[in-house]
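Engineer: Sharing a structure below in structure tokens format, with a few things to ask.
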Amino acid sequence: MLIVQKYGGSSVADAERVFHVAKQIIAAKEAGNDMIVVLSAQGKTTDDLIAKAKEINPNASRREMDMLLSTGEQQSVALMAMAINALGGRAISLNAAQVGIETTNAYSDARIRKIHSERIVNELERGNIVLVTGFQGINMLGDVTTLGRGGSDTSAVALAAALRADICEIYTDVEGVYTADPRIVKDARKLDEISYDEMLELASLGAKVLHCRSVEVAKKYNVKLVVRSSMTDAKGTEVKEDCKMERMLVSGVAADKNVSRISIMGIKDEPGKAFEIFDLMAKEKVSVDIILQSTGHDGRQDISFTIGKDDLDVALKSLEENKERLTAREIAHDDDVAKLSIVGAGMASNPGVAAMFFEAMYDAGVNIQMISTSEIKITLLVAEKDIEEAMIAVHDKFKLASVNMRKA
Ligand code: ADP
Ligand code: ASP
Ligand code: MG
């Protein structure tokens, strides 16, 4: 078999973890498999590098940030190669330039366009375990790019797709995908399997166990994807197209604290205003999430929307500069907010789900600021201080801790 494995930061955090993983990789190789292994930066390395950059220049260019952050992954693969070689295995480390992982030009948020397989195939044929840096690529200029935080998952799945691997195993610090973040909801339950679509929603709504785009790529190329622990032998979660399992009404709960809200008040109630606001945001490359427009009164109306915390400064600057043109009386913002979402393929056909969600918030005394729904998800905006309590409350409400409570 050709196996792609990916180990996250905590799985390779120190020498002891590195040797533990090295032994696991060697064992898989000795069992007769070809091994491609993608690694993240060790422990908190990426955060530490960001902190270091902020000390020097808080407005550093994205290009230089990528140049810096990509070094974390390069350390990991080199150290792992040394560990495997020390244990008598044969490994070679490669960075994105050496493999040929081509991406778009967008520094810090690049998309993979093409992966060259020749070098990896050659190394595999020579009997090497191939260790590849996660998170990074190279763009048309030959510069280093990164794929966004958590992007090593996407590197692994894209490599599995490009090399037609038999399986892509994501090793992390929890035993699989749970009904909610097991660090917050203590009785969250591990799922044996989850569909690509549900996983895509959970990941895009804040469940960071998988990078959102890794799930997109897995779905597109039908990559067999498993999430499991690097610390235990537990079976893990299969992410796949069709789940034989009964369709749960709600399969998971996700929270996202990387949210801020902007409210533009007292805008003249006339055609074109929403267009003007969101055109400004588009020009600043700010992606807008939940939008709420009030019904007008006295010829005026309010529009509120949410964006990522990192985008708040540039969004506010652009809106303030255009306040008069937008006919806005006041522009307010709040970054102590968070999104709480429930996801489930069985939700579409069951109108009672939203009411249960709101009831759980009412029982927990949590105020709802905004609501957004789709076929398979409902998202609420709440105060950031309430998010953990709200998450536990909704998880409890839908009894996600016990098996087979609900059927679609
Ligand atoms: P890695 O460094 O291995 O990539 P991450 O920290 O990126 O690991 O992702 C794993 C973390 O995701 C877990 O430690 C857990 O706290 C969090 N998480 C959030 N939601 C979920 C979920 N539904 N199931 C499992 N883990 C989750
Ligand atoms: N090291 C990068 C990060 O911390 C990529 C990853 O871990 O997937 O975001
Ligand atoms: Mg991760």
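Take 16 as the starting number for the sequence shown in the numbering used here and just add one per residue.
Every residue gets a Cβ at the ideal spot worked out from N, C-alpha and C, and that includes glycine.
Would you report the Cα separation of Met420 and Ser244, rounded to the nearest angstrom?
Structural biologist: The count along the sequence shown starts at 1 and reaches residue 420 at position 405. The count along the sequence shown starts at 1 and reaches residue 244 at position 229. Its pLDDT being 38, under 50, Met420 is placed unreliably by the model, and the measurement read from it follows with that caveat. In a straight line, the C-alpha of Met420 is about 27 Å away from that of Ser244.
Engineer: Tell me the start and end of each unbroken alpha helix (DSSP H) in the stretch 86-130 that is at least 4 residues and wholly inside, in chain order.
Structural biologist: Entirely contained in the stretch 86-130, the alpha helix (DSSP H) runs reaching 4 residues are, in chain order, 111-114.
Engineer: Can you grab the Cα-Cα spacing for the pair Lys300 / Glu117, in whole Å?
Structural biologist: For the purposes of this step, residue 300 is taken as residue 285 along the sequence shown, with counting starting at 1. For the purposes of this step, residue 117 is taken as residue 102 along the sequence shown, with counting starting at 1. Each residue's Cα considered, the two are about 22 Å apart.
Engineer: Val1 and Val172: beta carbons closer than 8 Å?
Structural biologist: Outside the modelled stretch of the chain, which goes from 16 to 423, sits residue 1, for which no answer is possible.
Engineer: Using a threshold of 8 Å, state whether the C-beta atoms of Val268 and Met406 are closer than that.
Structural biologist: Against the sequence shown, residue 268 aligns to sequence position 253. Against the sequence shown, residue 406 aligns to sequence position 391. The answer is yes: Cβ separation under 8 Å.
Engineer: Can you look up Asn273 in the DSSP assignment and give me helix, strand or coil?
Structural biologist: For this step, residue 273 is matched to residue 258 along the sequence shown. Strand.
Engineer: In this structure, how does DSSP classify Phe150 when only helix, strand and coil are distinguished?
Structural biologist: Numbered from its first residue, the sequence shown carries residue 150 at position 135. Phe150 falls in the coil class under three-state DSSP.
Engineer: Tell me, to the nearest whole angstrom, how far the beta carbon of Gln151 is from that of Arg134; I am working on the premise that it is less than 8 Å.
Structural biologist: Counting from one through the sequence shown, the residue named residue 151 turns up at place 136. Counting from one through the sequence shown, the residue named residue 134 turns up at place 119. Between Arg134 and Gln151 the Cβ distance is about 15 Å, and since that is not below 8 Å, they are no contact.
Engineer: Are the CB atoms of Gly149 and Ser167 within a distance shorter than 8 Å?
Structural biologist: Within the sequence shown, residue 167 is the residue found at index 152, counting from 1. Within the sequence shown, residue 149 is the residue found at index 134, counting from 1. Yes, they are a contact pair.
Engineer: Within the continuous beta strand (DSSP E) that includes Cys183, where are the two ends?
Structural biologist: Here residue 183 corresponds to residue number 168 of the sequence shown, with the count starting at 1. It spans Ile182 to Thr187 - the beta strand (DSSP E) in which Cys183 sits, taken as one unbroken run.
Engineer: How would you label Ile439, buried or exposed, when you count the other beta carbons within 10 angstroms and need 16 or more for buried?
Structural biologist: Outside the displayed range of the chain (16 to 423) lies residue 439, so it cannot be described from this structure.
Engineer: Shorter than 7 Å, the distance from the beta carbon of Asp435 to the closest heavy atom of ligand 2, or not?
Structural biologist: Nothing can be reported for residue 435, as the shown portion of the chain is limited to 16 through 423.
Engineer: Relative to ligand 2, is the shortest distance from any of its heavy atoms to the C-beta of Arg164 smaller than 7 Å?
Structural biologist: Locating residue 164 in the sequence shown gives position 149, where the first residue counts as 1. Yes, since a heavy atom of ligand 2 falls inside the 7 Å radius drawn around the Cβ of Arg164.
Engineer: Can you give me the C-alpha to C-alpha distance between Lys59 and Ser25, rounded to a whole angstrom?
Structural biologist: As a working note, residue 59 is residue 44 in the sequence shown. As a working note, residue 25 is residue 10 in the sequence shown. For Lys59 and Ser25, the distance between alpha carbons rounds to 8 Å.
Engineer: By DSSP's criteria, Tyr22 is part of a beta bridge. Which residues make up the other side?
Structural biologist: On the sequence shown, residue 22 is found 7 positions in, with the first residue counted as 1. Tyr22 is bridged to Leu54 and Tyr186.
Engineer: Could you check where the beta strand (DSSP E) with Arg315 kicks off and where it finishes?
Structural biologist: Here residue 315 corresponds to residue number 300 of the sequence shown, with the count starting at 1. It spans Arg315 to Ile322 - the beta strand (DSSP E) in which Arg315 sits, taken as one unbroken run.
Engineer: DSSP state of Lys67, grouped into three classes?
Structural biologist: Residue 67 sits at position 52 when you count from the first residue of the sequence shown. DSSP places Lys67 in helix when its eight states are reduced to three.
Engineer: Going by CA-CA distance only, name the one from Ala121, Asp248 and Asp49 that's closest to Met82.
Structural biologist: The count along the sequence shown starts at 1 and reaches residue 82 at position 67. Of the candidates Ala121, Asp248 and Asp49, the one whose C-alpha sits nearest the C-alpha of Met82 is Ala121.
Engineer: CA-CA distance, Asp328 and Leu334?
Structural biologist: Locating residue 328 in the sequence shown gives position 313, where the first residue counts as 1. Locating residue 334 in the sequence shown gives position 319, where the first residue counts as 1. If you take the alpha carbons of Asp328 and Leu334, they lie about 10 Å apart.
Engineer: Counting C-beta neighbours from all protein chains within 10 Å, is the total for Met155 16 or more, i.e. buried, or is it exposed?
Structural biologist: For this step, residue 155 is matched to residue 140 along the sequence shown. It counts as exposed.
Engineer: Do Glu291 and Leu331 count as a contact pair if the criterion is CB distance below 8 Å?
Structural biologist: Within the sequence shown, numbered from 1, the residue matching residue 331 stands at position 316. Within the sequence shown, numbered from 1, the residue matching residue 291 stands at position 276. Their beta carbons are not under 8 Å apart, which means Leu331 does not touch Glu291 by this criterion.
Engineer: Let's test the definition: count the other Cβ atoms within 10 Å of the Cβ of Arg128 and tell me whether it reaches 16, buried, or not, exposed.
Structural biologist: Stepping through the sequence shown from its first residue, residue 128 is reached at position 113. Per the 10 Å Cβ criterion, exposed.
Engineer: Since Tyr236 contacts Ala180 with CB under 8 Å, what's their CB separation in whole angstroms?
Structural biologist: Here the question's residue 236 lines up with position 221 in the sequence shown. Here the question's residue 180 lines up with position 165 in the sequence shown. 10 Å between Cβ atoms; not a contact.
Engineer: Following a CB-centred definition, is Lys223 positioned closer than 7 Å to any heavy atom of ligand 3?
Structural biologist: Here the question's residue 223 lines up with position 208 in the sequence shown. Yes, the beta carbon of Lys223 sits closer than 7 Å to at least one heavy atom of ligand 3.
Engineer: Measuring CB atoms only, is the stretch 267-283 touching the stretch 213-220, in the sense that at least three cross pairs come out at less than 8 Å?
Structural biologist: Taking 8 Å as the limit for Cβ pairs, the verdict is that the stretch 213-220 does touch the stretch 267-283.
Engineer: Is Met16 buried or exposed, if buried means 16 or more other CB atoms sit within 10 Å of its CB?
Structural biologist: Looking up residue 16 in the sequence shown gives position 1. That one is exposed.
Engineer: If Ile322 and Gln308 are in contact, beta carbons under 8 Å, what's the gap, nearest whole angstrom?
Structural biologist: In the sequence shown, residue 322 corresponds to position 307, counting from 1. In the sequence shown, residue 308 corresponds to position 293, counting from 1. About 16 Å; that fails the 8 Å criterion.
Engineer: Which one or two residues does DSSP pair with Tyr193 in a beta bridge?
Structural biologist: Translated into positions along the sequence shown, residue 193 becomes position 178. In DSSP, Tyr193 forms a bridge with Lys205.
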